[in-house]
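This report concerns only the one structure given below.
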Amino acid sequence: MKAMVLCAGLGTRLRPLTERWPKPAMPFLGQPLFRYHLAVLKAAGVTAVGINTHHLPDTMAKAARAECERAGLSLHVVHEPVIQGTGGGIRGLKDFLAGEDFIVFNGDILFPVDLKPVVAAHRESGAVATMVLLPMPEGETYAAVEADAGGQVKRIAGYGPGGDGLKPWHFTGVHVMSPSVFDFMTAEGPEDINREVYVRVMQAGLKIRGHAVDAYWSDLGMPSRYLATVRDVLEGRVPLQALGTDSPLAGLKADAAGAWVHPEARVAGTVRGPAYVGAGAVVDAGASVGPGVSVGPGARVGQGARLERCAVFEETQVAPGEALTELLAWGPHRVPASLAGR
């Protein structure tokens with residue numbers, strides 16, 4: 001089976017971090033986010049992965065190549081000089097994907113889910129596509145996918161034929177598609193898979209299915225969500241079994257307070273869990289790290305620094321005596337990440 005990871009987005013809400021990394025290549029607890037996508041896809045039976053690039057294309061392709069080689073998956077890369085949207089991006093990999101059912105996975109989410117039942121249900125349904133859904137998160141304003149009692153999608157973000165008795169769901173950014181989806185795409189130009197391509201499918205009287213799952217999901221596309229996801233993992237709210245040995249905490253042992261310190265880190269200060277200190281990171285004497293802190297590989301927390309509820313990216317230097325709270329730190333940048341904006 002083949003899959004595509006959508007990797008062309010600009011990541012504007014995460015600037016300046018995305019001036020260094022495309023979102024799928026961003027470090028998350030010491031590893032590229034892309035690694036977690038591959039773990040989920042490989043467990044579902046995927047053997048070959050395609051990506052589209054636009055923003056920082058060389059950085060994205062290099063990260064994807066390294067991670068696919070590590071996972072034993074082949075990689076196909078298509079560059080978009082002009083960004084094509086979700087539908088146009090998938091269309092750009094038509095030659096790679098056509099021939100059998102395939103999975104499409106958003107590149108900026110953490111979603112450790114078992115997709116094997118979704119793939120099986122899709123193949124039995126005869127649908128053109130199956131959208132992986134969750135109950136609408138409380139207090140969120142995501143555009144709804146509305147489905148009938150039988151799981152057939154009738155309206156997406158207000159587009160589509162609609163009907164009576166529809167229930168709103170949250171779309172996870174993961175689909176299983178049949179090659180017939182390409183018949184409903186335009187020949188060229190940007191387009192949206194949900195609001196345009198799927199609407200044409202529904203208007204033609206063919207099926208788009210919704211498949212509800214029970215799994216942790218987070219969109220890491222803005223600082224508050226990134227930091228909230230770090231805390232969710234460290235505080236044990238994310239079932240990581242689906243990631244296997246690619247879990248960010250695999251091979252590490254936490255202390256009684258939930259401090260995960262890599263054996264190659266050097267800690268002379270205090271680490272109060274839940275917290276994570278990556279390989280090669282240094283916490284100098286008198287420094288305090290935690291709770292709710294991730295210190296990336298090669299970072300250094302200077303003497304007397306105080307860190308709470310923040311993420312420090314790889315190779316970043318926290319100055320002696322510096323106090324960091326509710327932010328993402330990369331190099332000289334300190335990006336506010338108040339969870340009030342989650």
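Going by the UniProt record's numbering, the sequence shown opens with residue 1, and the numbers climb by one from there.
C-beta atoms are modelled at their ideal positions from N, C-alpha and C, and glycine is treated no differently.
Residue interval of the beta strand (DSSP E) (run including residue i)
| i | result |
| --- | --- |
| CYS310 | 306-312 |
| PHE111 | First-last for PHE111: undefined, no H or E at that position. |
| ARG155 | 153-156 |
| THR53 | 48-53 |
| LYS2 | 2-6 |
| ALA275 | 275-277 |
| HIS37 | Looking at the DSSP string, HIS37 is not in any beta strand (DSSP E); the run it does join, the alpha helix (DSSP H), is 33-43. |
| SER74 | 74-79 |
| VAL261 | 259-261 |
| VAL82 | No beta strand (DSSP E) holds VAL82; DSSP gives it neither H nor E. |
| VAL293 | 293-295 |
Limits of the alpha helix (DSSP H) - the one that residue i falls within
| i | result |
| --- | --- |
| ILE90 | 85-91 |
| MET60 | 57-71 |
| SER338 | It is not in any alpha helix (DSSP H) - SER338 carries neither H nor E in the DSSP assignment. |
| SER224 | 223-234 |
| VAL201 | 198-203 |
| ASP95 | 94-97 |
Distance CB(residue i)-CB(residue j) smaller than 9 Å
| i | j | result |
| --- | --- | --- |
| ASN106 | LEU6 | yes |
| MET26 | ILE90 | no |
| PRO297 | ALA257 | no |
| VAL289 | GLY278 | no |
| PRO16 | VAL335 | yes |
| ILE83 | HIS54 | yes |
| GLY280 | ALA259 | no |
| ILE109 | VAL46 | no |
| PRO24 | ALA64 | yes |
| ALA299 | ALA337 | no |
| ASP101 | ARG123 | yes |
| ALA39 | ASP219 | no |
| VAL119 | ALA44 | yes |
| ASN52 | ALA98 | no |
| VAL261 | ALA287 | no |
| HIS170 | GLU146 | no |
| THR270 | VAL282 | no |
| SER74 | ARG209 | no |
| PRO248 | GLN31 | yes |
| ASP148 | GLY163 | yes |
| GLY150 | TYR198 | no |
| THR172 | LEU206 | no |
Cβ separation of residue i and residue j, assumed to be a contact under 8 Å, to the nearest whole Å
| i | j | result |
| --- | --- | --- |
| ALA3 | LEU41 | 5 Å |
| LEU29 | VAL174 | The pair is not a contact, with the Cβ atoms about 21 Å apart (cut-off 8 Å). |
| GLY221 | ARG13 | 6 Å |
| GLY92 | GLU196 | So it is not a contact: roughly 15 Å between Cβ atoms. |
| ASP192 | GLY85 | 5 Å |
| ALA323 | GLN303 | In fact, because the Cβ distance is near 13 Å, the residues do not count as touching under 8 Å. |
| ALA144 | MET136 | 7 Å |
| VAL293 | GLU315 | Contact flag wrong, Cβ pair sits at about 16 Å. |
Identified DSSP bridge partners for residue i
| i | result |
| --- | --- |
| PRO248 | PRO248 pairs with nothing; no bridge assigned. |
| residue 429 | Only positions 1 to 342 of the chain appear in the structure, and residue 429 is not among them; the question remains open. |
| GLY210 | MET131 |
| THR316 | Answer is none; THR316 lacks a bridge partner. |
| TRP169 | VAL145 |
| MET136 | Per DSSP, none; premise fails for MET136. |
| MET177 | PHE102, ALA129 |
| THR270 | SER288 |
| PRO27 | PRO32 |
| TYR159 | ILE156 |
| ARG300 | VAL282, GLN317 |
| ALA254 | TRP260 |
| PRO330 | Reading off the sequence, residue 330 comes out as Trp, not Pro. Answer is HIS333. |
| ASP219 | ILE109 |
Min CB distance residue i to chain D below 9 Å
| i | result |
| --- | --- |
| ALA61 | The question asks about chain D, but that chain is absent: this structure has only one protein chain. |
(Q) Within 8 Å, do at least three Cβ pairs link the stretch 201-213 to the stretch 151-170? (A) yes
Q: Inspect the CB distances between the stretch 209-220 and the stretch 102-122 and report whether three or more fall short of 8 Å.
A: yes
Q) Are the stretch 227-244 and the stretch 326-340 touching, with three or more C-beta to C-beta distances below 8 Å? A) yes
Q: For the stretch 127-138 and the stretch 52-64, state whether three or more C-beta atom pairs, one from each stretch, are separated by less than 8 Å.
A: no
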